[in-house]
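Trainee: Quick one: this structure, given as C-alpha cells, is what I'll be asking you about.
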Amino acid sequence: MAPNQPQQKNFSYLPKIMNGGLAGIIGVSCVFPIDLVKTRLQNQTVGKNGEVQYKGIADCARQTWRAGGASNFAKFKGMYSGSGVNILLITPEKAIKLVANDFFRHKLAKDGEKQLSVGRGMLAGGLAGMFQITVTTPMELLKIQMQDQGRTLQPGQKKLSATELTMKIIKENGIAGLYKGLSSTLARDVTFSVIYFPLFAYLDSLAPRKSDGSGDAVFYGSFLAGLVSGASSSFTVTPLDVIKTRMQTINKGANEVVYKNIPDAFVQILKNEGPQALFKGAACRMMVMAPLFGIAQTVYYIGVAESILGLKKSAHV
Numbered sequence: 001m002a003p004n005q006p007q008q009k010n011f012s013y014l015p016k017i018m019n020g021g022l023a024g025i026i027g028v029s030c031v032f033p034i035d036l037v038k039t040r041l042q043n044q045t046v047g048k049n050g051e052v053q054y055k056g057i058a059d060c061a062r063q064t065w066r067a068g069g070a071s072n073f074a075k076f077k078g079m080y081s082g083s084g085v086n087i088l089l090i091t092p093e094k095a096i097k098l099v100a101n102d103f104f105r106h107k108l109a110k111d112g113e114k115q116l117s118v119g120r121g122m123l124a125g126g127l128a129g130m131f132q133i134t135v136t137t138p139m140e141l142l143k144i145q146m147q148d149q150g151r152t153l154q155p156g157q158k159k160l161s162a163t164e165l166t167m168k169i170i171k172e173n174g175i176a177g178l179y180k181g182l183s184s185t186l187a188r189d190v191t192f193s194v195i196y197f198p199l200f201a202y203l204d205s206l207a208p209r210k211s212d213g214s215g216d217a218v219f220y221g222s223f224l225a226g227l228v229s230g231a232s233s234s235f236t237v238t239p240l241d242v243i244k245t246r247m248q249t250i251n252k253g254a255n256e257v258v259y260k261n262i263p264d265a266f267v268q269i270l271k272n273e274g275p276q277a278l279f280k281g282a283a284c285r286m287m288v289m290a291p292l293f294g295i296a297q298t299v300y301y302i303g304v305a306e307s308i309l310g311l312k313k314s315a316h317v
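Heads up: the sequence shown begins at 1 in the UniProt record's numbering, then just goes up one per residue.
What follows is the structure in C-alpha cells.
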C-alpha cells in the first residue's frame with residue numbers, strides 16, 4: 001500500500017501468513033474483554049415491562065466482572081470467557097483476511113501502479129472478506145456461545161468448554177451446525193472489508209514514510225490508519241453485526257426471538273425494539289475493532305516474519 005513504490009512481481013505467502021497470524025493473536029488478546037461486553041449487550045433484549053439486564057457498557061462490564069468468581073483472578077479469567085477458541089482460530093482468520101487482501105490487491109494492480117483505484121480496492125477487500133468466513137463463521141459461533149453462557153446459564157448448570165460445545169453442536173447438527181449464521185457473517189464481513197481496506201490504504205498512504213527506503217508508512221501512521229478505518233467500518237456494519245450475533249446465539253433466554261433469516265431479523269428488531277436496537281453495542285464494537293485493526297495492521301506491516309526468515313520485506317500496494 002506504500003504510494004512511493006512500484007508494483008513488485010513476487011508475492012511471498014509464508015511471511016505474510018505468519019505476520020497475519022501474529023497480528024491476530026496480539027490484537028484479539030488486547031481487546032477481548034471489550035468484545036465480551038459487546039456480545040452480551042447485543043444479545044440483551046427488552047423485557048415485557050421495559051426491563052433490561054444491563055444499563056450500558058460500564059454496567060455490563062461491572063456485572064460481567066463480578067459474575068466471574070470470588071477472586072480477582074477468577075474475575076479476570078471470566079472477562080476472557082471464550083477467548084481460547086477465538087485466539088486459536090484468529091490465527092488463520094486474520095492470516096486469511098490480511099493476506100487475501102494483499103494477494104488480491106497484488107493481482108488487481110497494473111504494472112508500475114503505486115495505488116489501486118477505489119473500485120479495485122473495494123473488490124479486493126470484498127474478496128478477502130468472502131475467503132475469511134470459512135474460518136470466521138465457526139469461530140464467531142463458538143465465541144458467542146462461550147461469551148453468552150454467563151448471561152443465560154441457569155443456577156447449577158455447568159459451563160461448557162469450547163471442545164464440549166463444539167462436539168455438542170456437531171452431534172446435534174453435524175458440521176453444518178458450526179456454520180449457523182453463515183449468511184449474516186458473510187453480509188457483515190464482506191461489507192466491512194469493502195469499506196475498511198480501501199479506506200485504510202488511503203489513510204496509510206497519507207502518513208509519513210519510513211527513512212529506510214522501504215516506502216512503508218511509519219508505524220504510528222499504519223496504527224492510526226487502522227484505528228480510524230476500523231472504527232468507521234465497524235460502526236457502519238453494526239446493524240449486520242447485531243443480526244449476526246442474535247442469529248448465531250443458540251441458547252436463547254426467556255422471551256428472546258428466533259429469527260428465520262436476515263430480513264426477518266431486521267424487521268422484527270425494528271418492530272419490537274426500534275431502530276436504536278440495531279446499533280446496540282456500537283460503541284463497544286468500535287472500541288473493539290478500532291484498536292484490534294490498529295494493532296493488527298501495525299504488527300502485520302512491521303514484518304516480524306521477514307526478520308525471522310531473513311527475507312527482504314516487500315512493499316504494499
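Even for Gly, the Cβ is constructed at its ideal location relative to N, Cα and C. If you're wondering where the values come from, they're calculated on a predicted model, not measured in any experiment.
Going by beta-carbon coordinates alone, are Ala-124 and Ile-96 separated by less than 9 Å?
Mentor: No; because the gap between Cβ atoms is not below 9 Å, this pair is not in contact.
Trainee: Following the continuous alpha helix (DSSP H) through Gln-297, name the residue where it begins and the one where it ends.
Mentor: Run containing Gln-297: 282–302, per the alpha helix (DSSP H) assignment.
Trainee: Is the number of C-beta pairs between the stretch 73–87 and the stretch 133–147 that are closer than 8 Å three or more?
Mentor: The stretch 73–87 is in contact with the stretch 133–147.
Trainee: Grab the span of the alpha helix (DSSP H) containing Phe-103 for me, first residue to last.
Mentor: Start and end: 83–108.
Trainee: What residue ranges within the UniProt repeat "Solcar" (116–206) form continuous alpha helix (DSSP H) runs of no fewer than 4 residues, ordered along the chain?
Mentor: Within the UniProt repeat "Solcar" (116–206), the complete alpha helix (DSSP H) runs of at least 4 residues are 118–152, 162–173, 182–206.
Trainee: How long is the line joining the alpha carbons of Leu-142 and Gly-82, rounded to whole angstroms?
Mentor: If I take the Cα positions, the gap works out to 8 Å.
Trainee: Could you tell me the boundaries of the alpha helix (DSSP H) in which Glu-273 lies?
Mentor: 262–273 is the extent of the alpha helix (DSSP H) around Glu-273.
Trainee: Assign Ser-211 to buried or exposed, taking buried as 16 or more other Cβ atoms, counted over all protein chains shown, within 10 Å of its Cβ.
Mentor: Under this definition Ser-211 is an exposed residue.
Trainee: Could you give the distance in angstroms between the alpha-carbon of Lys-159 and the alpha-carbon of Tyr-179?
Mentor: Answer to the nearest angstrom: the Cα atoms are 22 Å apart.
Trainee: How should Arg-66 be labelled, buried or exposed, when 16 other C-beta atoms within 10 angstroms of its C-beta is the threshold for buried?
Mentor: That one is exposed.
Trainee: Is DSSP giving Ala-231 helix, strand or coil here?
Mentor: Helix.
Trainee: When burial is assigned at 16 or more other CB atoms within 10 Å of the CB, is Lys-110 buried or exposed?
Mentor: Counting Cβ neighbours within 10 Å, Lys-110 comes out exposed, since fewer than 16 surround it.
Trainee: Quick check: the stretch 23–30 against the stretch 265–275, are there 3 or more CB pairs under 8 Å?
Mentor: No: the two stretches stay apart, fewer than three of their Cβ pairs being nearer than 8 Å.
Trainee: Between Arg-120, Ala-305, Val-242, which has its C-alpha nearest Lys-38's C-alpha?
Mentor: Among Arg-120, Ala-305, Val-242, the Cα nearest to that of Lys-38 belongs to Val-242.
Trainee: Who does Ala-217 pair with in a DSSP beta bridge?
Mentor: Per DSSP, Arg-209.
Trainee: Looking only at C-alpha atoms, which of Met-18, Ile-25, Asp-59 sits nearest to Gly-281?
Mentor: The shortest C-alpha separation from Gly-281 is found at Asp-59.
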